[in-house]
Amino acid sequence: MSDDLRKRQLRRDAIARRKTVTRQERDAAAAALAEHIVPLLDLVGVQAGTSGVMSAPHGRGHRPPTVAAYVSMGSEIPMRPLLALLLDRGLRVLVPRLGSGLDVGWALLPDMASLHGVTCEGTGMAQRPDEPDTQTLGPAALGDADLIIVPALAVDTHGVRLGRGGGWYDRALTYRRGGVPVVAVCWPWECMADDLPRQSHDIPVDWVVTPQGAQRL
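According to the working numbering, the residues represented by the sequence shown are 1 to 217, in order.
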């Protein structure tokens, strides 16, 4: 089986398995995920000083550290509790703003109330994550991030990540600063012991976080 065919089969299997998860299990997973991110923030240097003023790693001065995350949809683990936690800690949070092109734009998330549904042009249906009604930033805005959190359908022990197949995050991650860790979020059973297919454009992640905990890869 070719890598492309295997990836498609893995995606189908992952989505089918996710459809068996109950709403109660999703809510519990969302709360656990937020808890497991807190020590990870400290490990990668996104810390609060004794005065409560946030400091950023990598010589970024005294501005609040920036975390690039995402707004969940469909079968993904709900991200709103985690996004709220990041904001409560005084972090600057970026979330995707999807345009009509191939690149992921970004938008600043000032608060949870600013998130709203987006309908796809010509369909009248919501087929993309909620977005904040703030200024659209270009793909290069990811260069401000001190930590990057991305969704995954599967991750192997080498950090190879299986996405939905659009390649958005692989393109987006070319804008990150050197040394900035990338964290993949998935369900526990999506942490794979076997190697996933890897192509030249696939960018590996540094950590995987599930509702059961965080693991460095």
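We treat Cβ as the ideally placed atom computed from N, Cα and C, and that holds for glycine.
Requested in this report: Might you give, ordered along the chain, the residues of its own chain that have their beta carbon closer than 6 Å to the beta carbon of HIS58, omitting 5 neighbours on each side?
Outcome: Any answer about HIS58 is weak, because its pLDDT of 48 lies below 50 and its placement is not dependable; what the coordinates show is given next. Apart from the 5 residues on each side of it in sequence, HIS58 has no Cβ closer than 6 Å to any other Cβ in its chain.
Query raised in the report: Are there 16 or more other CB atoms within 10 angstroms of the CB of LYS7, so buried, or fewer, so exposed?
Result: Here LYS7 is buried: its Cβ has 16 or more other Cβ atoms, across all protein chains shown, within 10 Å.
Requested in this report: Would you please state the rounded distance, in angstroms, between the beta carbons of LEU217 and THR136? I believe it to be under 8 Å.
Outcome: The pair is not a contact, with the Cβ atoms about 32 Å apart (cut-off 8 Å).
Report task. Let me know if ILE15 comes out buried or exposed under the rule of 16 or more other beta-carbons within 10 Å of its beta-carbon. Result -> By the neighbour-count definition (other C-beta atoms within 10 Å, threshold 16), ILE15 is an exposed residue.
Query raised in the report: Using the C-alpha atoms, what's the distance from LEU85 back to THR50?
Result: Note that THR50 scores 31 on pLDDT, short of 50, meaning its location in the model is unreliable; the coordinates nonetheless yield the value given after this. Near 19 Å, if we compare the C-alpha coordinates of LEU85 and THR50.
Query raised in the report: Going by C-alpha distance, which of ALA214, ASP170, ALA154 is nearest ASP195?
Result: Looking at the Cα atoms, ALA154 is the closest of the given residues.
Query raised in the report: Can the beta-carbon of PRO81 be found less than 9 Å from the beta-carbon of ALA30?
Result: In this structure, ALA30 lies closer than 9 Å to PRO81 by Cβ.
Query raised in the report: Got a sec? Which residues, its chain only, sit under 6 Å from ARG17 by beta carbon, not counting five neighbours each side?
Result: Contacts found: none.
Query - Span separating the alpha-carbon of LEU10 from that of ASP4 - result: Roughly 10 Å separates the two Cα atoms.
Query raised in the report: Are the beta-carbon atoms of SER200 and PRO151 separated by less than 9 Å?
Result: No, they are not a contact pair.
Query raised in the report: Any idea if LYS19 is buried or exposed, counting beta-carbon neighbours within 10 angstroms, 16 or more meaning buried?
Result: Around the beta carbon of LYS19, fewer than 16 other beta carbons lie within 10 angstroms, which makes this residue exposed.
Query raised in the report: Is the distance from the Cβ of VAL182 to the Cβ of ASP206 below 9 Å?
Result: It is a contact, given that the beta carbons lie within the stated cut-off.
Report task. Whole angstroms is fine: what's the gap from VAL180's alpha carbon to ASP170's? Result -> Rounded to the nearest angstrom, the two C-alpha atoms are 15 Å apart.
Report task. Give every residue of the same chain whose Cβ lies closer than 8 Å to the Cβ of LEU108, excluding the five residues on either side of it in the sequence, and list them in chain order. Result -> Closer than 8 Å at the Cβ level, and outside the excluded window around LEU108, lie ARG92, VAL93, LEU94, PRO132, THR134, GLN135, LEU137.
Report task. Return the Cβ separation of LEU41 and VAL209 in integer angstroms, given the expectation that the two are a contact with Cβ distance under 8 Å. Result -> Rounded, the Cβ-Cβ distance is 11 Å, inconsistent with contact.
Query raised in the report: For GLY220, which residues from the same chain have a beta carbon less than 6 Å from its beta carbon, with the 5 sequence-adjacent residues on both sides left out?
Result: Nothing can be reported for residue 220: it is not among the residues displayed for the chain, which extend from 1 to 217.
Query raised in the report: Using the beta-carbon count (16 or more within 10 Å), is LEU43 buried or exposed?
Result: Under this definition LEU43 is an exposed residue.
Requested in this report: Report the rounded CA-to-CA distance for ARG97 versus ARG128, giving the unit in angstroms.
Outcome: Rounded to whole angstroms, ARG97 to ARG128 spans 10 Å at the Cα level.
Query raised in the report: For the candidate residues ARG198, MET112, ALA184, whose alpha-carbon lies nearest to that of GLY213?
Result: Residue ALA184 holds the alpha-carbon nearest to the alpha-carbon of GLY213 among ARG198, MET112, ALA184.
Query - CB of LEU173 within 9 Å of CB of VAL67, strictly - result: Cβ atoms of LEU173 and VAL67: not closer than 9 Å.
Query raised in the report: Of all the options PRO211, VAL160, GLN215, which has the alpha carbon lying nearest to the alpha carbon of PRO204?
Result: Of the candidates PRO211, VAL160, GLN215, the one whose C-alpha sits nearest the C-alpha of PRO204 is VAL160.
Requested in this report: With ARG18 as the anchor, note down where its beta strand (DSSP E) starts and where it stops.
Outcome: No beta strand (DSSP E) contains ARG18, which is instead part of the alpha helix (DSSP H) from 3–18.
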